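Residues 706 to 928 (my numbering) are what the sequence shown spells out, left to right.
For each residue, glycine too, the CB sits at the ideal point set by N, CA and C.
The structure displayed is predicted, hence computed values, not measured ones.
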Amino acid sequence: MTTAQPAEPAVPRSHAGKRLRLLLIVTVLFASTLALLAWTRVWGTVDVTVSGGVAERIEVDGSIAAPAITALALAGFALAGALTIAGPVIRAVLGALEVLIGASVFLSAYLAVSDPAHASAAAVTAATGIAGRDSVASAVEASATTGWPYLALTASVIMAVAGILIVVTTTRWPGATKKYQTVRFEPVTTDASAAAREPGRAPDAVVDWDELSRGEDPTNESR
């Protein structure tokens with residue numbers, strides 16, 4: 706005879722929603738960090754032939770190959786902060802915006818990888834003085850790509866997936882709680898003032914002064 710095992714208690718929906726919210730916000734921050742990290746590294750090198758047939762190797766940073774990624778990554782950080790206080794409708798809008806940010810990061814990184822000559826044009830011009838897209842393309846003899854642009858591509862996919870999940874699960878997130886407390890101010894009657902009003906009590910200068918300040922007559926026994 707087998708003994709039935711007790712069922713594990715179900716996780717409350719509010720707790721599951723909080724975990725989901727935290728996970729997605731952390732994912733957005735993580736993807737933005739990856740994109741920003743990749744942007745600061747060397748994305749590749751190009752071998753350029755200058756006048757006289759001399760070849761020169763030039764390193765191309767992510768800030769030159771894909772300059773837009775820094776602004777997109779910072780937008781991701783700001784979006785993660787907005788998600789902590791946004792309501793369901795705004796969360797859906799922010800999720801769609803995160804998808805757009807991911808697509809933009811992907812496009813920037815993909816263009817840099819697919820066309821190294823164009824991505825390195827600013828670096829080539831600064832190093833050799835060669836300007837113009839066609840002139841730079843003809844001067845570049847060879848190019849090599851590091852793994853950092855692929856990290857940016859990975860970050861862009863994570864951004865897009867996180868944005869889709871935010872849109873799909875926005876109604877499962879717990880809402881922002883607002884607590885309101887009504888405060889009502891009432892005149893406070895001190896024990897000394899109450900005692901001074903009782904018949905047969907000796908007058909008190911401090912209590913009489915307080916009553917005069919409130920516009921009351923301390924000598925009026927009818928109170």
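- Cβ contact annotation for A778 (same chain, cutoff 6 Å, sequence separation greater than five): S737, A740 and L741, in chain order.
- By the C-beta density criterion, A849 is exposed, having fewer than 16 other C-beta atoms within 10 angstroms.
- Approximately 38 Å separates the beta-carbon atoms of P793 and V818; this is outside 8 Å, ruling out the contact.
- Here DSSP, grouped into helix, strand and coil, assigns A836 to coil.
- For the pair L856 and S809, the Cα-to-Cα distance works out to about 14 Å.
- For the pair T830 and V841, the CB atoms are nearer than the 8 Å cut-off.
- In the DSSP annotation of this structure, R877 is not part of any alpha helix (DSSP H), being labelled neither H nor E.
- Under the DSSP definition of a beta bridge, I763 partners with V751.
- For G722, same chain residues with a beta-carbon under 7 Å away, outside a window of 5 residues either side, are R877, W878 and P879 in chain order.
- Residue pairing for V845: DSSP places it in a beta bridge opposite V753.
- Taking the C-beta atoms as reference points, T745 is found no nearer than 8 Å to G781.
- Setting aside the 5 residues that flank it on each side, I863 is surrounded in the same chain by T732, F735, A736, L739 and G807, each with a C-beta closer than 8 Å to its C-beta; the list follows chain order.
- At the C-beta level, A865 and V804 come within 8 Å of one another.
- Within the same chain, and ignoring the five residues on either side of S843 in sequence, no residue has its Cβ closer than 8 Å to its Cβ.
- As DSSP reads the structure, T850 sits in a beta bridge with G749.
- Excluding residues up to 5 positions away in sequence, G807, V810 and F811 lie with their Cβ nearer than 6 Å to the Cβ of S861 in the same chain.
- For P772, there is no enclosing alpha helix (DSSP H), since its DSSP letter is neither H nor E.
- The three-state reading of DSSP puts G792 in coil, since its state is none of H, G, I, E or B.
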